[in-house]
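Residue numbers (our numbering): 3 to 159.
Where is the CB? At the ideal position from N, CA and C, for every residue including glycine.
Single-structure report; data block below.
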C-alpha cells in the first residue's frame with residue numbers, strides 16, 4: 003500500500019490531497035478489484051482506510067468460508083401455474099418500466115426478485131423490503147407499483 007501526497011490547485015493557498023490505491027486479491031483466482039481512496043486530510047484518510055480494510059477483510063472471510071450475500075437470490079425458484087401468471091404480470095410491468103425509463107431489466111428488479119415477489123406476495127412496504135434484492139431506494143422507485151400489481155392479481159383471482 004502506498005500513500006501518495008498530491009498537490010492540487012493553488013489559489014490563495016496550497017492544499018494537500020492524499021490518495022491510496024489498494025490492489026485487492028484473495029484466495030487464489032478471486033480478484034476483488036482495485037480500491038482508491040482520496041482524502042483531504044490524513045485523519046480523513048485514516049478513517050477511510052479503516053473502513054476499507056474492514057470491508058476487504060469481510061470480503062476475504064466470505065470467500066474463505068464460502069458465504070455469499072446473494073445466495074438467497076441465486077437459489078432456483080420453481081413456480082406453479084398460478085404463480086407463473088402473477089410472475090408474467092410482474093415481468094410485464096417491469097417491461098413497461100424498462101421502455102419508459104430506457105434502462106435494463108436488472109436495474110428495476112432481477113428475475114429472481116420477481117420470483118420472490120411472486121412466491122411471497124407482499125402486501126406492505128415492510129414485507130417487500132424483507133425480500134432479498136429490494137432495498138429502500140428500489141422500493142421508493144418501484145415498490146408501490148409492484149405492490150399494486152400484486153393486489154390487483156389477488157383481487158382478480
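- In the structure shown, the three-state DSSP call for residue 41 is strand.
- Remark: C-beta atoms of residue 47 and residue 95 do not approach each other more closely than 8 Å.
- Around the beta-carbon of residue 108, fewer than 16 other beta-carbon atoms lie within 10 Å, marking it exposed.
- Taking the Cα of residue 143 as reference, the smallest distance to any Cα among 100, 42, 85 is reached at 100.
- The Cβ neighbour count for residue 106, taken over all protein chains shown within 10 Å, is under 16; the residue is labelled exposed.
- Comparing alpha carbon positions, the residue from 62, 83, 110, 58 closest to residue 139 is 110.
- Here DSSP, grouped into helix, strand and coil, assigns residue 49 to helix.
- Distance from the CA of residue 89 to the CA of residue 117, rounded to the nearest whole angstrom, comes to 6 Å.
- When only Cα atoms are considered, residue 40 and residue 127 end up about 37 Å apart.
- For the pair residue 124 and residue 150, the CB atoms are not nearer than the 8 Å cut-off.
- Here residue 120 has 81, 85, 88, 89, 92 as same chain residues with Cβ atoms under 7 Å from its own Cβ, once five neighbours each way along the sequence are excluded.
- Boundaries of the alpha helix (DSSP H) harbouring residue 119: 113–122, taken from the DSSP string.
- Following the DSSP letters along the chain, one finds residue 83 inside the alpha helix (DSSP H) bounded by residues 83–103.
- Non-local C-beta neighbours of residue 158 in its own chain, meaning closer than 7 Å and more than five positions away in sequence, are absent.
- Between the C-alpha atoms of residue 44 and residue 54 there is a straight-line separation of about 15 Å.
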